[in-house]
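Heads up, the thing below is written out as structure tokens.
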Amino acid sequence: MPSPFKIRAGKISFVCTTLLAAGLLLTGCDMAHYYLQAVGGELDLLSRRRSISDLLADPVTPKPLRQRLSLAEKAVKFAVTDLALAPSGSFQSYADLSRPYAVWAVYATPAYAFDPVTWCFPVAGCMSYRGYFSPDDAHRSAEVLAHEGMDTYVTGAPAFSTLGWFDDPLLNTFIDWP
């Protein structure tokens, strides 16, 4: 049986091509950089995955992590068998990103306003934030927006999802949460 968290080459090619084409052809340099960091960050995240079954079998895996992974495995099984949720390849693997957050979100609003700036993306749709895999990139983006007269806020986000495009792993950034 193929690995449940294997990168699907067709999907990744489609997403990368779509993001790069949209970023380079339809927007300026700022958005092209945004798309490139998004693709690079996602590829880095996916490359760090290890299967939960391998980690549970590895005697080097720390006991607290082993317990959390075992609990997550039971939760996924419960969701599929008892709640009749459709099985997916997500949460069948674990990735240690060696950082405190999966992504950093940048929010912006015009000065003295409450309505956030909304950005629209070809794959993910419209949202009121931009996610960056590097805190430095997030803060640079916030500085550019502030220079344009926006009020900005940057915050770390421990969880991240590709909304079904890829098999998302469990992350070190939230595995120890209650």
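Straight run, no breaks: the sequence shown in the working numbering ends on number 203.
A virtual CB, placed ideally from N, CA and C, is assigned to each residue, including glycine.
In this structure, the beta-carbon distance from Ala-127 to Phe-191 does not fall below 8 Å. Bounds of any alpha helix (DSSP H) do not take in Thr-187, whose DSSP letter is neither H nor E.
Collapsing the DSSP output to three states places Tyr-59 in a helix. Within the same chain, no Cβ atom closer than 6 Å to the Cβ of Ala-109 is found once the five residues on either side in sequence are excluded. The C-alpha of Trp-129 lies about 17 Å from the C-alpha of Pro-141. A direct Cα-to-Cα measurement between His-58 and Leu-70 gives close to 18 Å.
In this structure, Pro-194 sits away from Ser-78, with a CB-CB distance that is not shorter than 8 Å. Val-131 counts as buried, since no fewer than 16 other beta carbons sit within 10 angstroms of its beta carbon. Contact holds between the region 154-167 and the region 175-185, because three or more Cβ pairs, one in each stretch, are under 8 Å apart. The region 125-183 contains, as complete alpha helix (DSSP H) runs of 4+ residues, the segments 160-172 (chain order). Between Gln-62 and Phe-158 a beta carbon distance of about 6 Å is seen, short of the 8 Å cut, so the two are scored as contacting. At a Cβ-Cβ threshold of 8 Å, Thr-198 and Glu-67 do not count as neighbours. For Ala-111, there is no enclosing beta strand (DSSP E), since its DSSP letter is neither H nor E. Cα atoms of Phe-116 and Ala-97: separation of roughly 8 Å, rounded to the nearest angstrom. Shown here, Leu-122 sits in coil according to DSSP, grouped into three states, outside any helix or strand.
Scanning its chain for C-beta atoms nearer than 8 Å, with the 5 sequence neighbours on each side dropped, one finds around Gly-174 the residues Pro-135, Ala-136, in chain order. Per DSSP, reduced to three states, the secondary structure at Arg-73 is coil, with no helix or strand assignment.
The secondary-structure analysis by DSSP pairs Leu-196 across a beta bridge with Ala-120.
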